[in-house]
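Numbering (our numbering), first residue to last: 3 to 183.
Set out below in structure tokens:
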């Protein structure tokens, strides 16, 4: 198994955290992992993206020139990454901010209302974990429990309520597509 994933969006949407949680979960599952973050000129409001590669075998390069999966949290990210996804790959869209899908017909598009679901939970800041939960439930890179544990580890020292709401958001994201959201 070799999965190449690009996470992208505006700074402040938690794009890098999505990748970091997945990379940590992959390491905890004894997978080979690379995590390559990139920031725009500004942190909040600028562009942010990261590439995560998770594999059962050694990884030759952290660069995912033709990713299997792309996660676009906003429209500019969808436009930027739609042509990089390998044919047959999947592009996950934050449907609350992206109304028009990619022009390609050789990739699958999965729409996740991440902003709405996070808002319904009462914390708009967990939209990234909602999206990550939906992505992982769809493609099955790691067990959901590994993501929940990675959040526990990475947010250690934060208020318990922050850990719990992020874990709840992951679980909600994992269920949202099967519930018709």
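Beta carbons are placed, not taken as given, at the ideal position from N, Cα and C, and that holds for glycine.
On a predicted model such as this, the values are computed, not experimentally measured, just so you know.
Within this structure, are the beta carbons of residue 10 and residue 62 separated by less than 8 angstroms? Residue mapping note: residue 10 aligns to position 8 of the chain shown, counting from 1. Residue mapping note: residue 62 aligns to position 60 of the chain shown, counting from 1. Going by C-beta atoms, residue 10 is not nearer than 8 angstroms to residue 62.
How would you write the range of the beta strand (DSSP E) that residue 50 sits in, first residue to last? Position 48 of the chain shown, counted from the start, is the residue given in the question as residue 50. Where residue 50 is concerned, the enclosing beta strand (DSSP E) stretches over 49 to 57.
Best match in 28, 32, 5, 37 for proximity to residue 17 [C-alpha to C-alpha]: On the chain shown, position 15 is the one that residue 17 refers to. Considering only alpha carbons, the answer is 37.
Comparing alpha-carbon positions, which option in 123, 115, 179 lies nearest residue 139? Residue numbering aside, residue 139 sits at position 137 when the chain shown is read from its first letter. Among 123, 115, 179, the Cα nearest to that of residue 139 belongs to 179.
Rounding to the nearest angstrom, what Cα-Cα distance links residue 150 and residue 172 in this structure? Position 148 of the chain shown, counted from the start, is the residue given in the question as residue 150. Position 170 of the chain shown, counted from the start, is the residue given in the question as residue 172. If I take the Cα positions, the gap works out to 7 angstroms.
Would you mind stating whether residue 153 and residue 165 have Cβ atoms separated by less than 8 angstroms? Counting from one through the chain shown, the residue named residue 153 turns up at place 151. Counting from one through the chain shown, the residue named residue 165 turns up at place 163. For residue 153 and residue 165, yes; Cβs fall inside 8 angstroms.
Beta-carbon gap between residue 130 and residue 19 smaller than 8 angstroms: As a first step, residue 130 is located in the chain shown; it is residue number 128 there, counting from the start. As a first step, residue 19 is located in the chain shown; it is residue number 17 there, counting from the start. Yes; because the gap between Cβ atoms is below 8 angstroms, this pair is in contact.
Indicate the three-state DSSP secondary structure (helix, strand or coil) for residue 184 in the structure shown. Given that the chain is displayed from residue 3 to residue 183, the structure contains no residue 184 and the question cannot be resolved.
Helix, strand or coil: which one does DSSP assign to residue 1? This structure does not reach residue 1, given that the chain is present from 3 up to 183, and the question cannot be answered.
Beta-carbon proximity check, residue 54 vs residue 21, cutoff 8 angstroms: Locating residue 54 in the chain shown gives position 52, where the first residue counts as 1. Locating residue 21 in the chain shown gives position 19, where the first residue counts as 1. Result yes, Cβ atoms of residue 54 and residue 21 sit closer than 8 angstroms.
I'd like the ranges of any beta strand (DSSP E) spanning at least 3 consecutive residues and lying wholly in the stretch 110 to 135. 110 to 114
Exposed or buried, residue 6, counting other C-beta atoms within 10 Å across all chains shown (16 or more means buried)? Translated into the one-based positions of the chain shown, residue 6 becomes position 4. Classification of residue 6: buried, given that the 10 Å Cβ count is 16 or more.
Quick one: what's got a C-beta closer than 8 angstroms to residue 31's C-beta in the same chain, skipping five residues either side? In the chain shown, counting from the first residue as 1, residue 31 sits at position 29. Excluding residues within five positions, the ones whose Cβ falls inside 8 angstroms are 144, 145, 148.
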